[in-house]
Amino acid sequence: MAALYFLPTSIAGATLIISILFLLICRQSKRRRPNRLPSPPSLPFIGHLHLLKLPLHRTLQTLSTNHGPIFSLALGARNVVVVSSPSLAEECLQQNDVVFANRPHSFLGFKIFAYNYTSIGAAPYGPHWRNLRRLSAVELLSAARLNSFLHVRTDEVTRLVNGLVADVSAGSVFGKVEMKLRLVGLSMNMVMRMVAGKRYFGGATEGRGEEGEEFKELMREVFELSATSNPVDFLPVLKWVDFSGLEKRMWRAHRRMDGFFQGLIDEHRSKMQREEEDGVDSSRKTMIDTMLTLQGSEPNTYSDDIIKGHVMSLILAGTDTTAATIEWGMSLLLNHPEILDKARAEIDNAVGNSRLVQESDCIDLPYLQCIIKETFRLYPVAPLLIPHQSSEDCTVGGYFVSKETMLFVNTWAIHRDPTVVPLEALCKPRKFMEDVLINMQGDK
11 MAALYFLPTS IAGATLIISI LFLLICRQSK RRRPNRLPSP PSLPFIGHLH LLKLPLHRTL
71 QTLSTNHGPI FSLALGARNV VVVSSPSLAE ECLQQNDVVF ANRPHSFLGF KIFAYNYTSI
131 GAAPYGPHWR NLRRLSAVEL LSAARLNSFL HVRTDEVTRL VNGLVADVSA GSVFGKVEMK
191 LRLVGLSMNM VMRMVAGKRY FGGATEGRGE EGEEFKELMR EVFELSATSN PVDFLPVLKW
251 VDFSGLEKRM WRAHRRMDGF FQGLIDEHRS KMQREEEDGV DSSRKTMIDT MLTLQGSEPN
311 TYSDDIIKGH VMSLILAGTD TTAATIEWGM SLLLNHPEIL DKARAEIDNA VGNSRLVQES
371 DCIDLPYLQC IIKETFRLYP VAPLLIPHQS SEDCTVGGYF VSKETMLFVN TWAIHRDPTV
431 VPLEALCKPR KFMEDVLINM QGDK
């Protein structure tokens, strides 16, 4: 009976002790809980995929106005962090550069067109990636190497200008000029002449009509498929059912691309062997020639697949991007005639009217350089950069970012941030010369 008498008191005491312990545990857990990123409401299974609309960089900019310069998204099975401010981008890509040095795993396009993640744009951070970076910086894209191809760029620009003059002279009235196709042909010819010593667009293609048409069609398909969003990248459960047939199309395009590039490599390998047998030392080597020379001393490091992946990277990174930037620059000038007039006056004063502008003239054309930088700022060719992925847990902006989180850097939003560039200077090229916080190198 006595035990029953004290039972309510014992229960009350035990309840009090358990409650205190529970509160202490919750408090300690709260202290240890990482500071989670802000995020919009999500849906089961698909997360925030329903919020994504084209153009994606503008959609993410709108979300950043509601959720801040850094926020997280759940894109199906992938965790994503989006940053839209200069300081946060610097924290990700400078302070946490090694953490975010990798690219997302299991992206089907990276696997297929980047030769199983071995090209420079898709390879994970490590010795192989560092070697590819050294190859690009020292052997292929150094200042001296690019200067050796000056005659290629000069010749292609001259061909473009002469073609435009001929078209205008042939017509009695002004008509529409399709610049996009001409600019794509210009950039593609420049890259392919540097890479393989061949041009496929416009006149004087040296009897390569069938090969040129195959190349054009192949590149059109590869560009289209590379830019296509694949649901399997975000919802892996769908990999067993290829509803759209996208994966089959990618592999089919890859086989064609691989065969075409292998043909170029075999052709250059045979040419180099003949020149070696004949004792000929060609001073004008293409980029394929350079990589094949390196293959002779390091066959495992520079296999044919590595060379083909690097050629593909050079084409993807250097053709459509160049054409789009030139087209946007022309649009900027046509929509701001006062800027066009200042640029024309500067060129007339520094170069005159008797010849075309040469690359060596650019140092005497500071306002033209400002226009180019303003074009890069307003119309970045990669408004979200190529996605990065964290290799370990880290902190960005005071928020916890878990391992294997994909990173989007919204450069389009950063370039238009009113705290960095006032709205009244939205299209003012001269600010690169006038503003001490924005230098001519474009790194501030």
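Going by this note's numbering, 43 is the number at position 33 of the sequence shown; the sequence numbering is gapless.
All C-beta atoms in this analysis are idealised placements derived from N, C-alpha and C, irrespective of residue type, glycine included.
Relative to the C-alpha of residue i, which residue among the options is closest?
i	options	result
residue 68	232, 56 and 394	394
residue 226	325, 171, 101 and 123	325
residue 63	239, 124 and 174	239
residue 55	89, 80, 74 and 228	89
residue 419	319, 93 and 348	93
residue 129	231, 439 and 320	320
residue 295	111, 178, 206 and 242	206
residue 188	346, 340 and 382	340
residue 302	280, 127 and 288	280
residue 336	139, 191 and 211	191
residue 145	298, 421 and 360	298
residue 271	373, 331, 170 and 229	229
residue 231	267, 74 and 245	267
residue 116	397, 306 and 269	397
Could you compute how far the alpha carbon of residue i sits from the alpha carbon of residue j?
i	j	result
residue 42	residue 410	At residue 42, the pLDDT of 49 sits below 50, so the modelled position is not reliable; the number obtained from the coordinates is stated separately. For residue 42 and residue 410, the distance between alpha carbons rounds to 11 Å.
residue 365	residue 282	38 Å
residue 21	residue 45	At residue 21 the pLDDT is 43, less than 50, meaning the model places this residue with poor confidence and gives no usable figure here.
residue 66	residue 437	23 Å
residue 173	residue 368	18 Å
residue 357	residue 323	34 Å
residue 380	residue 441	8 Å
residue 414	residue 52	20 Å
residue 463	residue 317	There is simply no residue 463 to check, as the chain begins at 11 and stops at 454 in what is shown.
residue 370	residue 209	24 Å
residue 124	residue 408	35 Å
residue 58	residue 120	23 Å
residue 136	residue 315	18 Å
residue 199	residue 403	44 Å
residue 77	residue 388	23 Å
residue 85	residue 49	12 Å
residue 351	residue 377	11 Å
residue 429	residue 312	46 Å
residue 439	residue 424	17 Å
residue 150	residue 304	12 Å
residue 406	residue 399	13 Å
residue 334	residue 204	20 Å
residue 258	residue 265	11 Å
residue 363	residue 155	30 Å
residue 132	residue 285	35 Å
residue 289	residue 300	18 Å
residue 412	residue 168	52 Å
residue 417	residue 276	39 Å
residue 166	residue 202	11 Å
residue 152	residue 162	16 Å
residue 237	residue 256	12 Å
residue 127	residue 241	19 Å
residue 260	residue 390	27 Å
residue 386	residue 342	11 Å
residue 118	residue 138	20 Å
residue 235	residue 73	27 Å
Exposed or buried, which one is residue i when buried takes at least 16 other CB atoms within 10 Å?
i	result
residue 143	exposed
residue 443	exposed
residue 80	buried
residue 344	exposed
residue 122	buried
residue 195	buried
residue 309	exposed
residue 471	There is simply no residue 471 to check, as the chain begins at 11 and stops at 454 in what is shown.
residue 106	buried
residue 247	exposed
residue 140	exposed
Where do the ends of the alpha helix (DSSP H) carrying residue i lie?
i	result
residue 442	441 to 444
residue 126	First-last for residue 126: undefined, no H or E at that position.
residue 261	256 to 288
residue 137	137 to 144
residue 436	Residue 436 -> no alpha helix (DSSP H), and no H or E assigned at all.
residue 345	330 to 345
residue 304	297 to 307
Can you name the start and end residues of the beta strand (DSSP E) that residue i belongs to?
i	result
residue 242	Taken as a continuous stretch (DSSP letters only), residue 242 belongs to no beta strand (DSSP E), as it is neither H nor E.
residue 418	416 to 419
residue 411	409 to 411
residue 406	404 to 406
- Item | In chain order, each beta strand (DSSP E) run of at least 3 residues that lies wholly inside the stretch 361 to 402 | none
- 4-residue-minimum alpha helix (DSSP H) runs that sit fully inside the stretch 73 to 124, ordered along the chain: 96 to 100 and 118 to 123
- 4-residue-minimum alpha helix (DSSP H) runs that sit fully inside the stretch 156 to 208, ordered along the chain: 160 to 180 and 189 to 206
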